[in-house]
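Notes for the one structure printed next.
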Amino acid sequence: MANVKDTDIKSAIGWVLRTGVLASVAIVLLGGIIYIYGHGHMVPDYRTFTGVPDFAQPGGIINGILTFRGRAIIQAGIILLIATPIIRVVFSAIGFIIEKDYLYTGITLLVLLIIFISMLSGHSA
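Sequential numbering from 16 applies to the sequence shown in this note's numbering.
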């Protein structure tokens, strides 16, 4: 039978996943509405390459959010969706530390280390 701590940790992890997904959907939807409102009448020109958009860089995303640019807001929602499982792993590690389960704490921290090394190096596992 699971103890109270285990049940609370599983509930917190479930809450993190639900909240992350719902928040990212809401952010992407808001960005889509803003983008369509401002650019819905435009016809895209695919014959000319215009380069990498501003919102592809972290500074451009933040600036785009502050200026209510739809594509930057959509990008932020997608980043939140990608970050949600990583946040889940962090919550799992905290849960294992609270339960004093050192084997799973080590394994979870190793997974986090691999994720961060992959993100920084640009390589996937």
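Each residue gets a CB set at the ideal place from its N, CA and C atoms; glycine is no exception. Predicted, not measured: the structure shown is a model, and the values here were computed from it.
Membership of G110 in the alpha helix (DSSP H) is indicated by the continuous run G85 to I113. Scanning the region 19-65 from its first residue to its last, no whole beta strand (DSSP E) run of 3-plus residues comes out. By the CB criterion at 8 Å, I80 and A91 fall inside the cutoff. A direct Cα-to-Cα measurement between G29 and F64 gives close to 43 Å. Boundaries of the alpha helix (DSSP H) harbouring G74: P73 to L81, taken from the DSSP string. If you draw a straight line from the Cα of S133 to the Cα of L127, it is about 10 Å long. In the displayed model, G137 falls within coil according to three-state DSSP, outside both helix and strand. Here D116 carries a coil assignment [DSSP, helix/strand/coil].
A residue is called buried once 16 or more other Cβ atoms fall within 10 Å of its Cβ, and F131, having fewer, is exposed. For V67, the secondary structure class from DSSP, reduced to helix, strand or coil, is coil.
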